[in-house]
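*Asks:* Take a look at this one; I'll ask things after.
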Amino acid sequence: MVDQGDRSVPGAPPAQGARVDPAMTAMSAMSGQTMQAAQGESKKLVDAAKSGGFTLSETAVRPLLDAVEQMRHDLEGQRRTTVPLLQPPQLGSHEYGHTVASHNQRGAQDEPGSVGVVLAQFDQVLAQASEALRRAAGIYGEADAEAADKLKAMGEQHDVR
């Protein structure tokens, strides 16, 4: 008999023939706690670049910046795929259905560790990495500073943890 795995146990293998979306596998590793730690480390990187703790040539930094920007672009695509999570699931017009639908929406987008919050946190990590690289290469101009300030304000406005 083939072991199908116990789906009630976190980390159990998927059932034989089950399709596992690679993006969802990656998302499970990107917990809110992991993103908070990454945000802290990327802030340290920005602070080090601001203080001259490390420098890079513009030529050396270009492939790194391109990779970070590509990741942000890919992340935006992933964020668009979560839009259906904003819609309330159709669970009927009874009170219990509304309660469950509301709970599902909060769990998908608003609560710490939810897909929406973790994706926003990851985007902030990538923005900070980009800022650190630009600062280290001396190509962090006034326009970049304004954009970073706006991103930071947006994150604070949405209480991204």
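Those letters in the sequence shown? Residues 1464 to 1624, per our numbering, in order. Built from N, CA and C at the ideal position, the CB exists for glycine as well.
Rank D1586, S1556, R1597, S1565 by C-alpha distance to the C-alpha of F1517 and give the top, closest one.
*Replies:* Here residue 1517 refers to the residue found at position 54 when the sequence shown is read from its first residue. Ranking D1586, S1556, R1597, S1565 by Cα distance to F1517 puts R1597 first.
*Asks:* Confirm, please, whether the CB-CB distance from L1589 to M1534 is below 7 angstroms.
*Replies:* Translated into the one-based positions of the sequence shown, residue 1534 becomes position 71. Translated into the one-based positions of the sequence shown, residue 1589 becomes position 126. Taking 7 angstroms as the Cβ cut-off, M1534 and L1589 qualify as a contacting pair.
*Asks:* List, from N- to C-terminal side, the alpha helix (DSSP H) runs of 4 residues or more that fit wholly inside the segment 1490 to 1575.
*Replies:* 1495 to 1513, 1521 to 1544, 1558 to 1568
*Asks:* How far does the alpha helix (DSSP H) with S1577 in it reach, from first residue to last?
*Replies:* Taking the first residue of the sequence shown as position 1, residue 1577 is located at position 114. That residue, S1577, is in no alpha helix (DSSP H); it is neither H nor E in DSSP.
*Asks:* By a C-beta neighbour count over all protein chains shown, 10 Å radius and 16 as the cutoff for buried, is K1520 buried or exposed?
*Replies:* Indexing the sequence shown from 1 puts residue 1520 at position 57. Note that residue 1520 corresponds to Ser in the displayed sequence, not to Lys. Result: exposed.
*Asks:* With DSSP as the reference, label L1589 as helix, strand or coil.
*Replies:* As a working note, residue 1589 is residue 126 in the sequence shown. Note: L1589 maps to helix in three-state DSSP.
*Asks:* What separation, rounded to the nearest whole angstrom, lies between the Cα atoms of A1530 and T1562?
*Replies:* On the sequence shown, position 67 is the one that residue 1530 refers to. On the sequence shown, position 99 is the one that residue 1562 refers to. About 42 angstroms.
*Asks:* In the structure shown, what three-state DSSP assignment does G1618 receive?
*Replies:* Here residue 1618 is taken as the residue at index 155 of the sequence shown, counted from 1. Note: G1618 maps to helix in three-state DSSP.
*Asks:* Mind reading off the beta-carbon distance from Q1587 to Q1496? Whole number of angstroms is fine, and I expect it under 8 angstroms.
*Replies:* Within the sequence shown, residue 1587 is the residue found at index 124, counting from 1. Within the sequence shown, residue 1496 is the residue found at index 33, counting from 1. Rounded, the Cβ-Cβ distance is 15 angstroms, inconsistent with contact.
*Asks:* For M1617, is the classification buried or exposed, using 16 other Cβ atoms within 10 angstroms of its Cβ as the cut-off for buried?
*Replies:* The residue labelled residue 1617 in the question sits at position 154 within the sequence shown. Flag for M1617 reads exposed.
*Asks:* CB-CB under 7 angstroms to L1527, same chain, minus the five flanking residues each way: which ones, in chain order?
*Replies:* Locating residue 1527 in the sequence shown gives position 64, counting from the first residue. The residues are L1596.
*Asks:* Does the Cβ of E1558 have 16 or more other Cβ atoms within 10 Å, making it buried, or fewer, making it exposed?
*Replies:* Position 95 of the sequence shown, counting from 1, holds the residue named residue 1558. Classification of E1558: exposed, given that the 10 Å Cβ count is below 16.
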